[in-house]
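*Asks:* Supplied in C-alpha cells, the structure appears directly below.
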Amino acid sequence: MGHDLTGDPAASTPVLVGAGEHAERVGDPAYQTLSPVDLAARAARRALADSGADSQALAGVIDTVAGIRQFELSGLAPPNPFGRPENFPYAVAARVGVTPRRTVLEIGGGQGPQHLVGEFAAAIRAGQARGVLLVGSEALSTIRHLREHPEAGCPDWHEPGTADGHEDRGPGLDDMLDPSYAAHGLVGAIPAYALFENARRLALGESRDRYAAAMGELFAPFTRIAAANPYAVAPTERTAGELVTPDERNRMLADPYTRFLVARDQVNQGAAVILTSVGEARRLGIPDSRLVYLHGHADAVERDLLDRPDLARSPASIEAIRSALDQAGIGIPQVRHLDLYSCFPIAVFNVTDAFGLGADDPRGLTVTGGLPFFGGAGNNYAMHGIVGIVRAVRADPGGYGMATANGGIMSKYSVGVYSTVPREFAGVGSVLGGRGSSGAPGRRYAGRVVVDTCTVVFEAGMPVRGIVVGVLPSGDRLLATTQDGATIGALLGEHPRGLAMDVATVDGRNVASICAQPVQTATIGAPNPTTV
Numbered sequence: 308m309g310h311d312l313t314g315d316p317a318a319s320t321p322v323l324v325g326a327g328e329h330a331e332r333v334g335d336p337a338y339q340t341l342s343p344v345d346l347a348a349r350a351a352r353r354a355l356a357d358s359g360a361d362s363q364a365l366a367g368v369i370d371t372v373a374g375i376r377q378f379e380l381s382g383l384a385p386p387n388p389f390g391r392p393e394n395f396p397y398a399v400a401a402r403v404g405v406t407p408r409r410t411v412l413e414i415g416g417g418q419g420p421q422h423l424v425g426e427f428a429a430a431i432r433a434g435q436a437r438g439v440l441l442v443g444s445e446a447l448s449t450i451r452h453l454r455e456h457p458e459a460g461c462p463d464w465h466e467p468g469t470a471d472g473h474e475d476r477g478p479g480l481d482d483m484l485d486p487s488y489a490a491h492g493l494v495g496a497i498p499a500y501a502l503f504e505n506a507r508r509l510a511l512g513e514s515r516d517r518y519a520a521a522m523g524e525l526f527a528p529f530t531r532i533a534a535a536n537p538y539a540v541a542p543t544e545r546t547a548g549e550l551v552t553p554d555e556r557n558r559m560l561a562d563p564y565t566r567f568l569v570a571r572d573q574v575n576q577g578a579a580v581i582l583t584s585v586g587e588a589r590r591l592g593i594p595d596s597r598l599v600y601l602h603g604h605a606d607a608v609e610r611d612l613l614d615r616p617d618l619a620r621s622p623a624s625i626e627a628i629r630s631a632l633d634q635a636g637i638g639i640p641q642v643r644h645l646d647l648y649s650c651f652p653i654a655v656f657n658v659t660d661a662f663g664l665g666a667d668d669p670r671g672l673t674v675t676g677g678l679p680f681f682g683g684a685g686n687n688y689a690m691h692g693i694v695g696i697v698r699a700v701r702a703d704p705g706g707y708g709m710a711t712a713n714g715g716i717m718s719k720y721s722v723g724v725y726s727t728v729p730r731e732f733a734g735v736g737s738v739l740g741g742r743g744s745s746g747a748p749g750r751r752y753a754g755r756v757v758v759d760t761c762t763v764v765f766e767a768g769m770p771v772r773g774i775v776v777g778v779l780p781s782g783d784r785l786l787a788t789t790q791d792g793a794t795i796g797a798l799l800g801e802h803p804r805g806l807a808m809d810v811a812t813v814d815g816r817n818v819a820s821i822c823a824q825p826v827q828t829a830t831i832g833a834p835n836p837t838t839v
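All residue numbers for the sequence shown refer to my numbering, where the first residue is 308 and numbers rise by one.
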C-alpha cells in the first residue's frame with residue numbers, strides 16, 4: 308500500500324501542476340517549420356494552461372527554468388546551419404512571460420527530464436525555488452527538411468541570451484563519445500545497444516528467428532498506442548512481423564535491429580512540466596485534482612561498458628526502479644500506468660525480465676507509444692513520458708504511474724513514481740551504482756580472444772563492419788572490429804558467443820579475424836577489473 312496522508316501535505320511539498328507537449332510533422336497541412344525554441348514554447352504555454360490557474364499568474368511564480376540539451380549540443384548531431392539561442396531555457400522563458408532568476412541547461416542523456424523533476428522537487432521543498440519550468444524539444448526533422456529544400460527558406464534561429472544566473476552543465480556523454488569506441492566502429496547508440504541485445508539473446512540461447520519474433524511481439528503493442536497519439540511522429544499500427552522483417556523501408560541497421568526497432572530521432576516535438584509547492588498552487592487557485600505528487604524517485608549510474616559483469620542486463624537501473632517503488636511504499640503490481648523507456652528492445656526487456664512483465668501486460672508498457680513510434684525526441688523523450696503519466700494518474704485518481712528514463716549506453720537511469728494521492732515529499736532520491744573504469748575501452752591487444760557478444764553494422768542493407776566484445780585469457784574484455792567477410796559471416800551465425808578470434812593491433816585498433824583452426828574456447832564470465 309502507498310503512504311496515504313491523514314491530513315494536508317505541508318505547504319512546501321512539491322507538486323507537478325502543469326504538463327504540455329507540442330509536435331508537428333513535415334507535410335502536414337498545419338506544418339510551420341517551428342524552431343526548437345518555438346516548439347518548446349508551445350509546450351510550455353500548454354503546461355501553463357494545463358494547471359487550471361491563470362497562466363500569467365502561474366508564470367509569475369516561476370523563478371527557475373531548466374532546459375534539456377538538444378542533440379546538437381550533446382555532440383550527437385552536427386550543428387544546424389540556422390543558428391541557435393545562446394541560452395535555450397532563457398529564450399523559451401521569454402516567449403511565455405517567465406522572468407527566471409536561474410536557468411539551467413542539463414547534461415545530455417535521456418535520463419535528464421526525470422532527473423530534473425527529482426532535483427527541482429527537492430529545491431522547491433527546501434525553499435530554493437517557488438516555481439520551476441522544465442522544458443525540452445528537438446526539431447531534427449525540420450532541420451533536415453530545410454537543408455534538403457533550400458527553396459523553403461533559411462531561417463535565423465540565433466537569439467542572444469544572458470549569462471546571469473545561467474548554469475550550463477556540459478555535454479555529459481563521455482560514455483558515448485569515447486574516441487576508442489569510435490576507433491572500433493562503436494559510433495552512436497545503435498551498435499552499442501545491439502551488443503547488449505545480442506548478449507541477451509545469446510545468454511537465453513534463443514535462435515535469431517525466435518528472438519526477432521520476441522522483439523516484434525514486444526513492440527507491436529507500442530505501435531497501437533502511438534497510432535492513437537496525436538503527437539506521435541509515426542502513428543501507424545504495425546504487426547510484430549512487420550517490425551522485424553527487413554525490407555526497403557525497414558532496412559537492417561545493426562544486427563539484430565531493423566529501423567522500426569530503434570528510437571526515431573527525426574522528430575519535431577517539445578514537452579514541458581511545471582512544478583511548484585502545494586502552498587503556491589492553492590494560492591493560485593489550482594484545483595487539488597490537478598496536483599500530482601512525486602511519491603518516489605531515484606537515479607542510477609552503471610559501470611563502463613566493458614566493466615559490467617553481464618552485458619545482457621543493467622542491474623543499476625533495476626535497483627533504481629526498486630528504490631523508487633520502495634520510497635513510494637508500493638510494488639510493481641500496484642503501478643497502474645507505465646512508461647518504460649524504449650529506445651531499443653533491450654531497454655524494455657531489462658525491466659520486463661526483472662519484474663516478470665509480459666509484452667501483453669494489460670496495463671501497457673508505454674503511455675506515449677515509445678521512442679521508435681511516438682518519437683525519440685533527443686534527450687527529451689522522457690518529458691513526454693512524464694506528461695503522459697501525469698495525464699494518466701489525473702484520469703485515475705488514487706492510481707500510481709511510473710516513468711523511467713534511460714541515458715547514454717544504458718549507463719544512466721532515472722525513475723519517478725507519481726500519483727494524485729497527497730504525499731509529503733520523500734526527500735532526495737537515491738543515487739545508485741557507480742561508474743568505475745578499468746581503462747578497458749582503450750586496451751590494445753594481440754593474441755586470441757573469445758566472443759562474448761558482437762554486432763554487425765549494415766549500410767544500404769549490406770553488412771560492412773563487425774564489432775566484437777572479446778574476452779582475453781585473463782578474463783578481461785576488449786573491443787575489436789573487423790571488415791573481413793568470413794569473420795562477419797561468423798558473427799552473423801546463430802551462436803557466435805564463444806567463437807575464437809585472433810586479434811591484431813592495426814593502426815591503433817584491435818582487428819579481429821575468425822580463427823583458421825578450431826580451438827577450445829574459454830569460459831566467459833565476469834570481467835577482471837584490472838588493466839592489461
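All C-beta atoms in this analysis are idealised placements derived from N, C-alpha and C, irrespective of residue type, glycine included.
Note that this is a predicted model, so its numbers are computed, not measured.
Among Phe567, Val333, Ile581, which one has its Cα closest to the Cα of Arg353?
*Replies:* The candidate whose alpha carbon is nearest that of Arg353 is Ile581.
*Asks:* Going by DSSP in three states, Gly438 sits in which element: helix, strand or coil?
*Replies:* Note: Gly438 maps to strand in three-state DSSP.
*Asks:* Relative to the C-alpha of Ala364, which residue among His329, Glu328, Arg590, Arg558 is closest?
*Replies:* For Ala364, the nearest C-alpha among the options comes from Arg590.
*Asks:* Thinking C-alpha only, which one of Arg784, Glu731, Ala684, Leu383 is nearest Ala539?
*Replies:* Cα-wise, what sits closest to Ala539 is Ala684.
*Asks:* Leaving out five residues on either side along the sequence, give the residues of the same chain with a beta carbon under 8 Å from the beta carbon of Arg571.
*Replies:* Closer than 8 Å at the Cβ level, and outside the excluded window around Arg571, lie Val540, Ala541, Leu678, Pro679, Phe680, Gly682, Gly683.
*Asks:* Which of helix, strand or coil does DSSP assign to Thr788?
*Replies:* Thr788: strand per DSSP, three-state reduction.
*Asks:* Buried or exposed for Ala578, going by 16 or more other Cβ atoms inside 10 Å?
*Replies:* When all chains shown are included, Ala578 counts as buried.
*Asks:* Rounded to a whole number of angstroms, what is the C-alpha to C-alpha distance between Thr828 and Val757?
*Replies:* Confidence is the limiting factor: at Thr828 the pLDDT is only 45, short of 50, which leaves the residue's position unreliable and the question unanswerable from this model.
*Asks:* Roughly how many whole angstroms lie between the Cα atoms of Thr794 and Ala446?
*Replies:* About 40 Å.
*Asks:* Gln377 lies in the alpha helix (DSSP H); which residues open and close that run?
*Replies:* Here Gln377 belongs to no alpha helix (DSSP H), and DSSP marks it neither H nor E.
*Asks:* If you draw a straight line from the alpha carbon of Val776 to that of Leu613, how long is it in whole angstroms?
*Replies:* Cα to Cα, the separation comes out at about 8 Å.
*Asks:* Is it true that the CB of Gly723 sits closer than 9 Å to the CB of Gly603?
*Replies:* Yes; because the gap between Cβ atoms is below 9 Å, this pair is in contact.
*Asks:* If you count every other CB in all the chains shown that lies within 10 Å of the CB of Ala833, and 16 or more means buried, which is it?
*Replies:* Note on Ala833: pLDDT 46, under 50, position unreliable in the model; no value is reported.
*Asks:* Would you kindly work out how many angstroms separate the C-alpha atoms of Arg437 and Glu474, rounded to a whole number?
*Replies:* For Arg437 and Glu474, the distance between alpha carbons rounds to 18 Å.
*Asks:* At what residues does the alpha helix (DSSP H) containing Arg353 begin and finish?
*Replies:* Residues 343 to 357.
*Asks:* Is it true that the CB of Glu549 sits closer than 9 Å to the CB of Gly523?
*Replies:* Yes, Cβ-Cβ distance for Gly523 and Glu549 is below 9 Å.
*Asks:* Per DSSP, Asp646 is paired with what?
*Replies:* Partner(s): Ala710.
*Asks:* What did DSSP end up calling Arg772 once you bin it into helix, strand or coil?
*Replies:* Here Arg772 sits in strand by DSSP.
*Asks:* State the Cα-Cα distance for the pair Tyr306 and Ala510, rounded to the nearest angstrom.
*Replies:* Since the first residue shown for the chain is 308 and the last is 839, residue 306 is missing from the structure and cannot be characterised.
*Asks:* At which residues does the beta strand (DSSP E) containing Glu474 begin and terminate?
*Replies:* Looking at the DSSP string, the run of the beta strand (DSSP E) that includes Glu474 is 473 to 475.
*Asks:* Measure the Cβ-Cβ separation of Leu799 and His491 and say whether it is below 9 Å.
*Replies:* Contact flag unset, no.
*Asks:* Smallest Cα separation from Asp703: which of Gln641, Val813, Val551?
*Replies:* Cα-wise, what sits closest to Asp703 is Gln641.
*Asks:* Report the partner residues of Asp361 according to the DSSP bridge assignment.
*Replies:* In the DSSP output, where bridge partners are listed per residue, Asp361 has none listed.
*Asks:* Assuming Val322 and Tyr600 are in contact, meaning their beta carbons sit under 8 Å apart, how far apart are those beta carbons, in whole angstroms?
*Replies:* Between Tyr600 and Val322 the Cβ distance is about 6 Å, and since that is below 8 Å, they are a contact.
*Asks:* Helix, strand or coil for Thr449? Go by DSSP, reduced to three states.
*Replies:* Three-state DSSP puts Thr449 in a helix.
*Asks:* Going by C-alpha distance, which of Tyr725, Val569, Ala710, Met559 is nearest Gly636?
*Replies:* Checked all of Tyr725, Val569, Ala710, Met559; the closest Cα to Gly636 is Tyr725.
*Asks:* Excluding five sequence neighbours on each side, which residues of the same chain lie with their C-beta closer than 6 Å to the C-beta of Arg409?
*Replies:* Closer than 6 Å at Cβ, skipping near neighbours: Thr371, Gly472.
*Asks:* Under DSSP, the alpha helix (DSSP H) around Thr659 begins and ends at which residues?
*Replies:* Looking at the DSSP string, the run of the alpha helix (DSSP H) that includes Thr659 is 652 to 662.
*Asks:* Which residue wins for smallest C-alpha separation from Leu453, given the options Phe526, Gln435, Ala470, Gln339?
*Replies:* Checked all of Phe526, Gln435, Ala470, Gln339; the closest Cα to Leu453 is Gln339.
*Asks:* Label Gly796 either buried or exposed according to how many other C-beta atoms from any shown protein chain fall within 10 Å of its C-beta, with 16 as the threshold for buried.
*Replies:* With fewer than 16 Cβ atoms within 10 Å of its Cβ, Gly796 is classed as exposed.
*Asks:* Tell me the rounded alpha-carbon separation between Asn575 and Ile639.
*Replies:* Rounded to the nearest angstrom, the two C-alpha atoms are 33 Å apart.
*Asks:* Beta-carbon separation of Val411 and Arg507 under 9 Å?
*Replies:* Contact: no.
*Asks:* Does DSSP put Ala570 in a helix, in a strand, or in coil?
*Replies:* DSSP places Ala570 in coil when its eight states are reduced to three.
*Asks:* To which residues of the same chain is Gly416 closer than 7 Å at the C-beta, ignoring the five residues directly before and after it?
*Replies:* Same-chain partners within the cutoff: Gly479, Leu480, Asn686, Gly714, Gly715, Lys719.
*Asks:* Could you compute how far the alpha carbon of Gly359 sits from the alpha carbon of Ile532?
*Replies:* Computed Cα separation, rounded: 27 Å.
*Asks:* When the Cα atoms are used, what is the spatial distance from Ala326 to Gly374?
*Replies:* If you take the alpha carbons of Ala326 and Gly374, they lie about 15 Å apart.
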